[in-house]
Structure formats: structure tokens, C-alpha cells
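S.K.:
Residue numbers (this note's numbering): 560 to 644.
1. Just reading off the alpha helix (DSSP H) that residue 590 is part of, what are its end residues?
2. To which residues does DSSP link residue 568 through a beta bridge?
3. Per the DSSP calculation, residue 603 is bridged to which residue(s)?
4. Is it true that the CB of residue 583 sits closer than 8 Å to the CB of residue 590?
5. Using 10 angstroms around the beta-carbon of residue 601, count the other beta-carbons present and answer buried if the total reaches 16, otherwise exposed.
6. Tell me the DSSP secondary structure of residue 617 in three-state form.
7. Going by the beta-carbon positions, is the gap between residue 585 and residue 605 smaller than 8 Å?
8. Rounding to the nearest angstrom, what Cα-Cα distance links residue 592 and residue 615 in this structure?
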């Protein structure tokens with residue numbers, strides 16, 4: 560991992576991306592600090608929902624909407640889980 564070993568070839572390769580999405584670093588300040596110090600184009604999204612009323616599938620589908628800045632091809636805001644009926 561970057562916070563343990565900064566391989567120059569890896570760092571340069573990561574810098575070549577327009578954007579990197581990370582859930583791993585959302586709760587790891589040492590990783591966030593390292594990516595910031597290295598100037599990597601990382602965007603951190605929350606790994607887990609803080610709202611306990613949100614279904615995990617809906618949480619991740621909404622995250623995909625954020626990443627792509629588009630709506631999903633179907634209504635992901637519906638809650639059709641067995642426990643919701």
C-alpha cells in the first residue's frame with residue numbers, strides 16, 4: 560500500500576489517471592494523507608452508510624450515481640427488499 564511503500568513507478572502511473580475513486584481511504588487518514596502528499600487525483604467516497612435506514616444496495620447504487628454524475632438506467636431509489644413490504 561502507498562502508506563508503506565511509495566514505488567516511483569506506481570506513483571507515476573497513478574498520477575496519470577484523470578481521477579481515482581477510493582472507498583478504501585474513506586476511513587484511513589494515513590492513506591488520505593499519503594495520496595494528498597503524493598498529488599494523486601483521488602476522490603474518496605464513504606465506504607459505509609451512516610444512515611441506518613438506507614439499504615446497503617441503495618447506498619452503493621447512489622454512490623455509482625455520484626461517480627458517473629448520471630442517473631442509473633432504472634429507479635434505484637425504490638426499496639423492494641423483502642423486509643420493506
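Every residue gets a Cβ at the ideal spot worked out from N, C-alpha and C, and that includes glycine.
M.R.: Reading off the structure:
1. Reading the chain shown from its first residue, position 31 is the one you call residue 590. Looking at the DSSP string, the run of the alpha helix (DSSP H) that includes residue 590 is 588-596.
2. Within the chain shown, the letter at position 9 stands for residue 568. Bridge partners of residue 568: none, in fact.
3. Position 44 of the chain shown, counting from 1, holds the residue named residue 603. Residue 603 is bridged to 581.
4. The residue given as residue 590 occupies position 31 in the chain shown. The residue given as residue 583 occupies position 24 in the chain shown. Result yes, Cβ atoms of residue 590 and residue 583 sit closer than 8 Å.
5. The residue you call residue 601 lines up with position 42 of the chain shown. Flag for residue 601 reads buried.
6. For the purposes of this step, residue 617 is taken as the residue at position 58 of the chain shown. It is helical.
7. For the purposes of this step, residue 585 is taken as the residue at position 26 of the chain shown. For the purposes of this step, residue 605 is taken as the residue at position 46 of the chain shown. Result yes, Cβ atoms of residue 585 and residue 605 sit closer than 8 Å.
8. Position 33 of the chain shown, counted from the start, is the residue given in the question as residue 592. Position 56 of the chain shown, counted from the start, is the residue given in the question as residue 615. When rounded, the separation of the alpha-carbon atoms in residue 592 and residue 615 is 28 Å.
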